[in-house]
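Numbering (the working numbering) for the sequence shown: 6 to 382.
All remarks here apply to the structure that follows.
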Amino acid sequence: MSREPTPPLSGDMSTGPIAESWCYTQVKVVKFSYMWTINNFSFCREEMGEVLKSSTFSSSPSDKMKWCLRVNPKGLDDESKDYLSLYLLLVSCPKSEVRAKFKFSLLNAKREETKAMESQRAYRFVQGKDWGFKKFIRRDFLLDEANGLLPDDKLTLFCEHLQHCLQKRRKHCTGLPKELPPPLPCKWCCRQVSVVQDSVNISGHTNTNTLKVPECRLADDLGNLWENTRFTDCSFFVRGQEFKAHKSVLAARSPVFNAMFEHEMEESKKNRVEINDVDPEVFKEMMRFIYTGKAPNLDKMADNLLAAADKYALERLKVMCEEALCNNLSVENVADTLVLADLHSAEQLKAQAIDFINRCSVLRQLGCKDGRNWSSK
C-alpha cells in the first residue's frame, strides 16, 4: 500500500503525537507602484468636492483588477476644503473583494519622496470603493514655491501598493507531529512591479506620444441620463417629491422593480409610483446607485439606505451599507445597529455588531447586571 509523501520538517520532529492532516497556507502579495503627474496644477479650477482621476492601472497587463488614483484638489468637503484629498479607487475587480495596503507620497524637485502617508492596515476594497486620506496635504503648503513640491508647476503623486491574495491547499497524510506549527509555514510571496508614469496636463497640451484609451464613462453617462431626465417613462412620487426614471434601467438593476413593471400592476399601467416609506434624499441616493453603481453620500445615511436597499433587493448596495455601519460601530450605536441588522437580514452586520458587543463588554458599560456573551442564534 503506497503512502503519500509528507512535507519536509524543520528540526528534529521524529517523535511526538501524530497529525492526521496538515494545511499549507500561502499569502500572495503583489507589490507595485504608480506615478501620476499633473501638469500646470496651480490652474486646476475644480471646486470643493470635484475630482481628478488618473488613468487605470494594474499589477500586470493580464491582471483584470484595475485601480486608479482620485484627487480632490480643493478637498472633499467643508472639513477638508483647505487640503488636497487623495484616494486609491478599485475600478474593476473579478473577485468579490480584495485587501490592500497603500502608501501615498509626493515627489519634490529632486525626485525624492516626501509627505508620505501610509494605511495602517490592509483595507477591504470592493469594486467602486476607495480608501485614502481626506486631509493628505494642506493646499497653502503645497502651493508655496519655497517648499519645492510643484517644480515647473507639476504635481507628482507616487503610490506604492500591496495587494493581498490568500491561497490555501490542504492534504491528508500521516506521520506528522501533532500540536506543532504547520509543517509548511505561512509564507509571503512578493512580486514587485513598477507601472509607467501617467501624465495629465491641465492646459490640454500633452508631453507624451503614447496612445491613450479613453476612460470608460458608462457610469457617468448613465448618471447624466438620469439627472437630465431625458427619455424617462415613469415617475416616482416620494413624500411629495417627483423623481423621473427609465423602466428598463430599473428593471435590469432591481428584481423588485422588474416584477413591478413586468406584471399588470397599477404602477405599470399608470407609470406612476407612490412611495411614502423612504426619505426623498435616501431615494435619490438609491437611484444614483442604480444608475451608476456609486453612492457618494452613503456614509451619511447608511442606516436608511440599507433599509431601502433591502426593500428593492439591491444586494451590493446593502452590503456596502453594512460595511459603512461596521466601520462606525460604537458603544452608543451598536444596539440600534444590531436591531437594524436583524430587521433587514443583514447577517454580516449582525455578526459584527454581536462581536463588538462581546469584545467591548458593551452590556457592562451600559450597566446591565448580566454581562454574559451574546450569541447570534
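C-beta atoms are modelled at their ideal positions from N, C-alpha and C, and glycine is treated no differently.
Residue i versus residue j: straight-line alpha-carbon distance, rounded
i    : j    : result
S59  : A256 : 33 Å
E290 : E328 : 17 Å
P78  : N44  : 13 Å
D68  : S101 : 15 Å
F146 : N113 : 13 Å
W72  : L91  : 13 Å
N387 : E267 : This structure gives no information on residue 387, because the portion of the chain shown stretches from 6 to 382.
S335 : V344 : 14 Å
S110 : N333 : 27 Å
E269 : K275 : 10 Å
Y471 : R116 : Absent from the structure is residue 471, since the part of the chain shown begins at 6 and ends at 382.
K217 : F37  : 21 Å
R244 : V283 : 8 Å
V32  : V131 : 19 Å
G228 : R293 : 7 Å
Strand pairing of residue i, partner residues [DSSP]
i    : result
S240 : K249, R277
S110 : F163
M122 : F109
C49  : Note: C49 sits in no beta bridge, so no partner.
Q132 : DSSP, once it has assigned bridges, lists no residue as partnering Q132.
C73  : L94
G137 : Y92
V103 : F130
I142 : L89
Three-state secondary structure (DSSP) of residue i
i    : result
L343 : helix
C331 : helix
N152 : helix
L94  : strand
M306 : coil
V56  : coil
V324 : helix
A63  : For the record, residue 63 in the displayed sequence is Ser; it is not Ala. Coil.
T234 : coil
R116 : coil
R364 : helix
Contact set for residue i: own chain, Cβ-Cβ below 8 Å, skip 5 residues either direction
i    : result
V278 : C239, S240, F241, F242, M265, E272
D82  : M53, G54, K139
D315 : K323, H349, S350, A351
P99  : K69, M70
Contacting residues, own chain, Cβ-Cβ under 7 Å from residue i (five flanking each side not counted)
i    : result
D384 : With the chain represented from 6 up to 382, any question about residue 384 goes unanswered, as that position is not in the structure.
K120 : S110, L111, I142
A312 : H349
N302 : E290
Cut-off 6 Å between Cβ atoms - residues of its own chain near residue i, not counting five sequence neighbours on either side
i    : result
K106 : S124, A127, L167
R129 : E102, R104
V287 : M306, N309, L310, A313
*Cβ contact (3+ pairs, closer than 8 Å) linking the region 340–358 and the region 154–165*: no
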